[in-house]
Amino acid sequence: MHENEAPAQPPSGGQLPSARTGRALAATGALAVGSGAVALYAAGLDPIGGNPLGTERATVLDPDATLHLIRRASFGMSTALLTDVTEKGPRRWLDEQLHPDRIDDSDVDALLAAYPALASSAAQLQQKYAGARRTPGDELVAATLARQLWSRRQLLEVMTDFWSNHFNVTTPGGPAYATKPVEDAAVIRRHALGTFEDLLLADATSPAMLLHLDNASSRGDDPNENYGRELLELHTVGIEAGYTEADVRDSAYALTGWGVAPDSTFLFTPEAHYTGPLRVMSWSAANAEAADGFKVGADYLRHLAYHPATARHLSTKLARRFVSDEPSTELVDTLAESYLAASSGIIAWLRTLFDSREFATSVGQKVRRPLEDLVATVRALGIGPPVDDPVPSLADLVRRSRDLGQAPLGAAAPTGYADVAAPWLSSSIALGRWNDHRALTAERVPGLAYPELAGLAADSEPQTVGELIDALTTRLTGQVFRSDHRQVLVEFLDTDEDRLYVAAQVDGDLPDLIALILDSPYHLLR
Numbered sequence: 002m003h004e005n006e007a008p009a010q011p012p013s014g015g016q017l018p019s020a021r022t023g024r025a026l027a028a029t030g031a032l033a034v035g036s037g038a039v040a041l042y043a044a045g046l047d048p049i050g051g052n053p054l055g056t057e058r059a060t061v062l063d064p065d066a067t068l069h070l071i072r073r074a075s076f077g078m079s080t081a082l083l084t085d086v087t088e089k090g091p092r093r094w095l096d097e098q099l100h101p102d103r104i105d106d107s108d109v110d111a112l113l114a115a116y117p118a119l120a121s122s123a124a125q126l127q128q129k130y131a132g133a134r135r136t137p138g139d140e141l142v143a144a145t146l147a148r149q150l151w152s153r154r155q156l157l158e159v160m161t162d163f164w165s166n167h168f169n170v171t172t173p174g175g176p177a178y179a180t181k182p183v184e185d186a187a188v189i190r191r192h193a194l195g196t197f198e199d200l201l202l203a204d205a206t207s208p209a210m211l212l213h214l215d216n217a218s219s220r221g222d223d224p225n226e227n228y229g230r231e232l233l234e235l236h237t238v239g240i241e242a243g244y245t246e247a248d249v250r251d252s253a254y255a256l257t258g259w260g261v262a263p264d265s266t267f268l269f270t271p272e273a274h275y276t277g278p279l280r281v282m283s284w285s286a287a288n289a290e291a292a293d294g295f296k297v298g299a300d301y302l303r304h305l306a307y308h309p310a311t312a313r314h315l316s317t318k319l320a321r322r323f324v325s326d327e328p329s330t331e332l333v334d335t336l337a338e339s340y341l342a343a344s345s346g347i348i349a350w351l352r353t354l355f356d357s358r359e360f361a362t363s364v365g366q367k368v369r370r371p372l373e374d375l376v377a378t379v380r381a382l383g384i385g386p387p388v389d390d391p392v393p394s395l396a397d398l399v400r401r402s403r404d405l406g407q408a409p410l411g412a413a414a415p416t417g418y419a420d421v422a423a424p425w426l427s428s429s430i431a432l433g434r435w436n437d438h439r440a441l442t443a444e445r446v447p448g449l450a451y452p453e454l455a456g457l458a459a460d461s462e463p464q465t466v467g468e469l470i471d472a473l474t475t476r477l478t479g480q481v482f483r484s485d486h487r488q489v490l491v492e493f494l495d496t497d498e499d500r501l502y503v504a505a506q507v508d509g510d511l512p513d514l515i516a517l518i519l520d521s522p523y524h525l526l527r
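Written as structure tokens, this is what we have:
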């Protein structure tokens, strides 16, 4: 909890927590999943044992390569995903994920039919929702969450999230209300596993980005530097490239006249393009004819796509997403070389990352951010989409993600959401995570297809309480807990591990027991 934050209030009516709630809180503390323990992790210490961590950090997570790949290349383990990766092997599964067109995702496609904005043109959205500008964005946000939860194309969803965050357009609302759903499909998803060169040019000509960062109103006689600056600082070379204010000015001039037509498509207007010599770092252009303004801008963008500083900037962000909050210089250099050698090809770049020693030895070095935690919880529990109308259930889940500070596509700043642990380690966020774990095990989000909790362990046919706990932790996190952490769960049930498992005596505690498992570092870390 923040220093100036009011303490949590007791349950309604001022009553003290029940004995079961008290045991749950005590067990949560014993499992060391509070913000203090996570802060130790962020400071470079094992959140459980307090052991100093070296390059290959200590972690409670099982280093199994299949589990590690699932934690990083998807939004979280599910029984179906674990079976798929195990049967195919990590390499074959990854190859399939890198070619998502080979994967049948018709079930999710059918679910998304509930969101008509996804199939509409920008002109149609502009006409239909001029008086309800949040609606197209709300539909896109819900659809994005649905894909993260249930799509079989998991790596595509991870990379779509990565690039959406990189080219952030705050959704819903704002001037891009009618164009962001189109950008999501035609720019981000289309090029998420293509080349960065194509992605950058598509994004720069996307009406959503043109409106969001004001380039649509940038003219030669009145340039707006917002996009030209963010293009350098965030989208390509990064602030560490050492560009100057003069570079920012000419970056903006190079893209004047790039705007949006009345039907919300891209429009280049030569009369609005600045003419005259341009120089941005090592790139230059005579830029003598206004009619050549689009060609000049496209040439500038392609130059940036292949700039060595862009390769390093993007590689740092990729390594930060998939490996650790502070990736090594050696890994960044290797990825940058791969990016340039592949002509900005994203598939080859990702293969280099997944084949690296740094990736293989980074188990547990990332903390799930709040949205990732929420999605992973639904996936781990085996909760399916609504049988009927998915809109209310997904709206509830989006609201929960927003309450945690990380709704899909919702970052307010052009930088997108932070992809490191520190901003997400407050006590209030931890409490929000735990509340959502309990809400989902207690079936408090209406409409979702919930499994029987006792069925999560049924395949193992547990005979004792200890076997039940092992079956549940394996089902939810892929592994048996360390003995002292396992004992905490036994004690929560107020029994001993060798006691015969009698469903009538234990199953009433399953919602809290399973939530405690999800509160643990075994679920928090990835």
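Each residue of the sequence shown is one higher than the one before, counting from 2 in this note's numbering. Ideal Cβ positions, reconstructed from N, Cα and C, are used throughout, including at glycine.
Delimiting residues of the beta strand (DSSP E) encompassing residue i
i	result
L398	L398 -> not in any beta strand (DSSP E); alpha helix (DSSP H) instead, spanning V392 to D404.
L279	L279 to V281
P425	First, the residue type needs correcting, since residue 425 is Trp and not Pro in the sequence shown. It is not in any beta strand (DSSP E) - W425 carries neither H nor E in the DSSP assignment.
Classification of residue i by the beta-carbon crowding that lies within 10 angstroms, buried from 16 upward
i	result
K367	buried
P137	buried
S394	buried
L501	exposed
R439	buried
K181	buried
A380	Sequence inspection shows Arg at residue 380; the Ala mentioned does not correspond to that position. Buried.
G132	exposed
E158	buried
A33	Per-residue confidence for A33 stands at a pLDDT of 45, beneath the threshold of 50, marking its modelled position as unreliable; the derived number appears in the next sentence. So A33 counts as buried.
E512	Sequence check: residue 512 is Pro here, not Glu. Classification of P512: buried, given that the 10 Å Cβ count is 16 or more.
V376	buried
D1	A question about residue 1 goes unanswered here, because the residues of the chain that appear run from 2 up to 527.
G298	buried
D374	buried
V388	exposed
S285	exposed
Rounded Cβ spacing between residue i and residue j (contact assumed at less than 8 Å)
i	j	result
L194	L99	6 Å
D508	A455	5 Å
A1	P271	Beyond the ends of the chain as shown, which are 2 and 527, falls residue 1; an answer cannot be given.
L494	L519	With a Cβ gap of about 16 Å, L494 and L519 do not count as contacting.
R527	R72	4 Å
P208	F267	6 Å
A343	W350	6 Å
L441	L405	Rounded, the Cβ-Cβ distance is 13 Å, inconsistent with contact.
L354	L319	6 Å
S265	A337	Their Cβ separation, rounded to whole angstroms, is 36 Å, which puts S265 and A337 out of contact at 8 Å.
V446	E498	So it is not a contact: roughly 32 Å between Cβ atoms.
D530	R401	With the chain covering only 2 through 527, there is no way to say anything about residue 530.
T496	I347	Rounded, the Cβ-Cβ distance is 51 Å, inconsistent with contact.
Continuous alpha helix (DSSP H) stretch holding residue i: start and end
i	result
F355	I347 to F355
N227	N227 to E231
H69	A66 to A74
V178	Residue identity differs from the one stated: residue 178 is Tyr in this sequence, not Val. From DSSP, Y178 is part of no alpha helix (DSSP H); its letter is neither H nor E.
V368	It is not in any alpha helix (DSSP H) - V368 carries neither H nor E in the DSSP assignment.
E444	Neither: E444 is in no alpha helix (DSSP H) and is coded neither H nor E.
Q98	P91 to Q98
P101	Run containing P101: none; DSSP gives neither H nor E here.
A413	Per DSSP, A413 belongs to no alpha helix (DSSP H) and is neither H nor E.
P522	P522 to L525
E241	Counting along the chain, E241 falls outside any alpha helix (DSSP H), and DSSP gives it neither H nor E.
S107	S107 to L112
L214	It is not in any alpha helix (DSSP H) - L214 carries neither H nor E in the DSSP assignment.
L235	Careful: L235 lies outside any alpha helix (DSSP H) and carries neither H nor E.
R358	R358 to A361
L256	Taken as a continuous stretch (DSSP letters only), L256 belongs to no alpha helix (DSSP H), as it is neither H nor E.
When the Cβ atoms of the stretch 207 to 220 are set against those of the stretch 302 to 319, are three or more pairs found closer than 8 Å?
A contact is defined here as three or more CB-CB pairs under 8 Å, and the stretch 207 to 220 fails this definition with respect to the stretch 302 to 319.
Inter-stretch contact at 8 Å, needing at least 3 Cβ pairs: the stretch 240 to 248 / the stretch 181 to 201
By the C-beta criterion, the stretch 240 to 248 is judged not to be in contact with the stretch 181 to 201, since fewer than 3 inter-stretch pairs fall below 8 Å.
At 4 residues or longer, what runs of the alpha helix (DSSP H) sit wholly inside the stretch 449 to 506?
DSSP runs (the alpha helix (DSSP H)) wholly in the stretch 449 to 506: 466 to 478 and 484 to 493.
Which residue spans inside the stretch 116 to 175 form an unbroken beta strand (DSSP E) run of at least 3?
Those beta strand (DSSP E) runs which fall completely within the stretch 116 to 175 and span 3+ residues do not exist here.
What ranges does the alpha helix (DSSP H) occupy inside the stretch 259 to 331, keeping only unbroken runs of at least 4 residues that lie completely in it?
Within the stretch 259 to 331, the complete alpha helix (DSSP H) runs of at least 4 residues are 294 to 306 and 309 to 323.
Using 8 Å as the cut-off, can you tell me whether the stretch 398 to 415 makes contact with the stretch 143 to 160, which would need three or more C-beta pairs spanning the two stretches below that distance?
Touching, per the Cβ criterion.
Determine contact between the stretch 117 to 133 and the stretch 65 to 77, defined as no fewer than three beta-carbon pairs at a distance below 8 Å.
No contact exists between the stretch 117 to 133 and the stretch 65 to 77.
The stretch 477 to 487 in contact with the stretch 320 to 337 per 3-pair CB rule at 8 Å:
Touching, no, given that fewer than three Cβ pairs across the two stretches are closer than 8 Å.
Do the stretch 244 to 258 and the stretch 272 to 285 make contact, defined as three or more Cβ pairs closer than 8 Å?
Yes: the two stretches touch, three or more of their Cβ pairs being nearer than 8 Å.
If we count Cβ pairs, one from each stretch, closer than 8 Å, do we get three or more for the stretch 413 to 422 versus the stretch 158 to 171?
The stretch 413 to 422, when compared against the stretch 158 to 171, does touch it at the 8 Å Cβ threshold.
Using 8 Å as the threshold, is the stretch 57 to 69 in touch with the stretch 474 to 482, meaning 3 or more CB pairs across them?
Contact between the stretch 57 to 69 and the stretch 474 to 482 is present, because at least three Cβ pairs lie under 8 Å.
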